[in-house]
Structures are given as C-alpha cells and as structure tokens.
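Student:
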Amino acid sequence: MTEEAIKILLEKYLVEELSAEEFQQLWTSLQQPENKELWMGLAGEVWNNAAFHGLSDAASRKEALDRILGTGVVPALQKSPIRLFAGSNKGWWAAAAILLVLLGGAYFFFYNTASRQQGLSREQRIRNDVAPGKNAAVLTLAGGRQIVLDSTASGTISRQGNSEIVNRNGLLAYNSLQERSVSAVYNTLTTHQGNQYQLVLPDGSKVWLNAASSISYPTVFTGKDRKVVITGEAYFEVVKDAGKPFKVEIVSRSSDDQGTGERDDRRSGEKDNQGSGEKKNEIEVLGTSFNVNAYAEETYIKTTLLEGSIRIRTALLKPGEQAAMSRKGEISISQDADMERVVAWKNNLFIFSRDDIRSIMRQLSRWYNVEIVYQGDVTGKHFSGIISRNNSLSQVLAMLESTEKVKFLVEGSKVTVIA
C-alpha cells in the first residue's frame with residue numbers, strides 16, 4: 038500500500054467512515070516491514086505532541102493529522118513513543134497501533150465473523166451509558182479511620198508515626214518528618230470497582246493499583262525487610278536496597294470478596310467461583326519493575342517481570358518472563374510474556390489478543406463497575422484489539438459488537454452478553 042493510500046485511510050478512520058474491510062487493509066499495512074519508518078515517524082510525531090492527546094473530536098484530530106501528513110516528510114523518531122516498547126522486536130508496530138488509539142479512540146482487528154443477529158435495535162439494547170473508571174480509593178489508617186481519596190483532593194491529609202501523608206492528583210505519598218524512629222503502623226489503600234490509584238511507599242517505591250485491589254503496608258519500613266500485602270492487581274517499581282529486600286505477599290480472596298459480578302442465566306444466577314477463603318503466596322523482590330495479577334476470579338496468579346529480578350518460591354524470574362501459579366500452587370514459567378498486554382491497564386488501555394469474551398468482560402466489569410450476565414453459548418468467541426480505557430462502556434461494547442460475534446443489552450449496571 039502506498040503512503041498516499043495509508044493517509045487516505047487514516048483520514049477516513051478519524052471521521053469514522055472506515056469499513057471493516059478498509060481497516061483490514063490499514064492494519065495489514067501497519068505490519069509490513071517496509072512501512073516501519075512511516076508508521077514509527079507518525080507515532081513519534083503524535084506521541085511527542087502533548088497537545089494532540091487532549092483532542093476529543095474527530096475534526097480536531099483530523100486537522101492535527103493533516104498538519105503532520107502535510108509536511109511531506111516522515112519525521113525521524115528520536116525516542117520510543119512508549120517506553121514499554123523499547124527494545125521489543127514487535128515494538129514498532131505495537132507503537133503504531135497505539136497511534137490508531139490516539140487518533141480514533143480504538144482499533145479492532147477482525148477475525149472471522151458470524152452472521153448478524155436479528156432482534157432489538159442498538160438504541161433499544163443500549164439504554165444507558167457508563168462512564169469509565171476514575172482515580173479514587175479509600176485509605177484505612179491504623180486504628181480504623183477511613184479517608185476517601187480522589188484526584189481533586191490535594192494536600193496533607195494525616196500523619197501516621199513519623200510520616201506525613203500527602204494526596205495530590207490521584208497519587209498518595211508518605212513523607213518522612215525526620216524525627217526519631219517510631220514503631221511502624223499499618224495503612225491499607227483500597228480501590229473499588231471502577232477506581233484506580235497510585236501510591237509512593239515510605240521508601241520511595243511506586244505502586245499502581247488497579248480496580249478492585251488493595252495494598253497494606255507500614256508507614257515506615259523497619260526490621261530486616263520491606264513487606265507489603267496485596268489483593269487484586271498492582272504494578273511495582275521498587276527502589277533497590279540490597280540490605281533490605283522487598284517482599285510482596287499475595288492474598289487471593291474469593292470472588293465474592295473481590296466483588297466482580299459475573300453470572301450465567303443458564304445456571305440460575307450463580308456466580309462463577311474459584312472457591313472461598315484466602316490463599317497466600319510471597320514474592321521476594323531484588324529491585325525491579327513487575328506486575329502482579331491475583332484476581333480470585335482468574336484461573337492463575339500471574340507475576341510478570343519487566344526489569345530486575347524476583348524470586349517466587351524456588352523460581353528466579355528474568356526480565357520478560359511470567360510466572361503463572363495455579364490455585365493448587367503449581368508454577369509454570371513463560372519466557373516470552375506479552376509485556377504490552379500485561380501492563381496495558383497501567384497505560385490506560387485494554388489490549389486483547391485472541392482473548393475469550395468472558396476474560397474480556399471480567400476486565401470491563403472491574404473497570405466500569407457493572408454486573409455481567411450471559412445468554413447463549415459464548416464458547417469460542419475471541420477478540421483482538423486495543424481500546425482506550427477512557428472510552429465509555431457503550432463505546433467499548435460497540436467495538437466488540439462490530440465483529441458481529443456477540444450483542445449486548447445494557448440495563449442500569451447490568452450488561453447481558455447475547456451469543
């Protein structure tokens with residue numbers, strides 16, 4: 038495909054006039070090695086233009102893209118558009134795919150499609166919309182006092198031990214008051230469904246907390262190690278301290294405790310369940326960046342290493358590896374983990390790669406705080422694509438529906454998946 042043809046399809050994409058067949062052509066061109074320079078140039082130009090990120094309407098995005106394409110010169114990429122993709126063999130087209138997200142809100146790659154289902158119109162089925170999740174959490178102090186946090190509240194909110202607790206723009210941080218050492222007290226940061234938050238621990242380590250998750254930690258790290266306890270999903274960037282290892286205890290609670298609603302009308306409304314009670318596992322961290330997904334409704338607890346090294350029981354992970362632990366405690370190591378997918382949520386994206394519909398809907402349930410119900414057999418319904426988590430629920434469902442594999446009925450906070 039010529040450069041001019043790609044430009045034409047991009048412009049049609051921006052004004053939502055691109056057919057599924059044309060999108061196939063656009064996506065295929067993106068993956069061709071001979072187009073690498075063109076796509077990476079576009080991705081770098083757009084990604085480095087901060088003003089472009091705030092453009093919400095198609096006309097403004099099209100005008101901005103016209104300015105980029107109209108130069109007639111492919112701009113040189115000075116740095117990877119997204120740090121995550123640096124050094125990855127497939128990073129150039131993954132970054133270019135992100136360009137489509139920035140331009141049009143999402144891309145979806147169509148596999149085989151089923152026949153269009155008859156019945157209610159989309160307007161009749163999608164009766165209301167649900168806004169995307171936001172930065173919000175609940176901080177539970179030692180003693181039980183709870184403080185509701187969001188991105189609007191700013192300033193010092195409390196003092197625990199010899200630490201000052203500061204909240205600003207969706208980030209909670211602990212600042213040492215440089216006083217005499219005191220005994221550590223424990224705080225817990227919790228996100229409900231539809232919420233996410235960031236935390237800077239007393240040692241400077243950073244934590245991103247996904248929806249329906251929690252982390253418990255001391256206000257000052259004393260003793261031989263630095264230990265925190267998590268549920269749900271969290272991404273860590275740990276400050277190195279060889280003399281005081283960082284440890285993460287993973288508590289996998291029952292799906293009822295997590296609060297992710299999913300049921301199938303064929304089973305009398307019973308929720309899928311992986312069992313009750315709690316199971317604990319521990320990760321020893323040696324200064325690193327990694328992601329832990331320990332949602333109880335998922336089959337495996339997955340720990341993925343981006344940088345550094347971590348030890349899970351007897352397994353020592355290297356960068357790019359993922360440890361998947363079964364509910365029985367069995368561990369398998371994957372040496373070529375899909376990093377883009379693993380931390381997509383942290384980068385405010387959904388990335389699907391042949392994901393089954395139930396897995397996708399569990400993610401949507403947590404982010405949009407909705408209950409999921411199934412009608413019909415959804416077995417074998419798989420999807421691939423990249424979608425911004427800034428989209429409303431109806432926009433995400435419309436993208437899934439465009440494959441003609443499933444339909445949705447939205448009633449209040451309940452979403453019915455119709456096969």
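FYI, the numbering for the sequence shown is 38 to 456, going by the numbering used here.
By construction, the Cβ of each residue, glycine as well, lies at the ideal position given by its N, Cα and C atoms.
1) Would you be able to state if there are at least three C-beta pairs under 8 Å between the stretch 199-217 and the stretch 230-241?
2) Alpha carbons only, please: which of 205, 201, 275, 364 is nearest the one belonging to residue 256?
3) Where does residue 263 land, buried or exposed, given buried means 16+ other C-beta within 10 angstroms?
4) What number of angstroms, rounded off, separates the C-alpha of residue 14 from the C-alpha of residue 395?
5) May I have the straight-line CA-CA distance separating residue 45 from residue 423, to the nearest angstrom?
6) Leaving aside the five residues before and after residue 337 along the sequence, list all residues of the same chain whose C-beta is less than 7 Å from its C-beta, in chain order.
7) If you reduce the DSSP assignment to three classes, tell me which class residue 429 lands in.
8) Grouping DSSP H, G and I as helix and E and B as strand, with all else coil, what is residue 372?
9) Would residue 388 pass as a contact of residue 437 if the rule is Cβ separation under 9 Å?
10) Please confirm whether residue 401 and residue 407 have their CB atoms less than 9 Å apart.
11) Tell me the rounded alpha-carbon separation between residue 447 and residue 399.
12) Report the CB separation of residue 272 from residue 380 in whole angstroms; it is logged as a contact under 8 Å.
13) Under the DSSP definition of a beta bridge, which residues are partnered with residue 284?
14) Take residue 220 and list the residues in its own chain whose beta-carbon comes closer than 8 Å to its own, dropping the five residues that flank it on each side.
15) Taking DSSP as the reference, what is the three-state secondary structure of residue 72?
16) The alpha helix (DSSP H) with residue 404 in it runs from where to where?
17) Kindly indicate the opening and closing residues of the beta strand (DSSP E) around residue 238.
18) Determine the DSSP secondary structure at residue 337, reduced to helix, strand or coil.
19) Under the rule that 16 or more other beta-carbon atoms within 10 Å means buried, what is residue 230, buried or exposed?
Tutor: On the basis of the data shown:
1) yes
2) Proximity to residue 256 across 205, 201, 275, 364 peaks at 201, based on C-alpha coordinates.
3) buried
4) Only positions 38 to 456 of the chain appear in the structure, and residue 14 is not among them; the question remains open.
5) 21 Å
6) 361, 362, 363
7) Correct three-state label for residue 429: coil.
8) coil
9) no
10) yes
11) 15 Å
12) Correct: roughly 6 Å between the Cβ atoms.
13) 264, 321
14) 198, 259
15) Looking at residue 72 - three-state DSSP - the assignment turns out to be helix.
16) 394-405
17) Note, residue 238: premise wrong, no beta strand (DSSP E); not H, not E.
18) coil
19) buried
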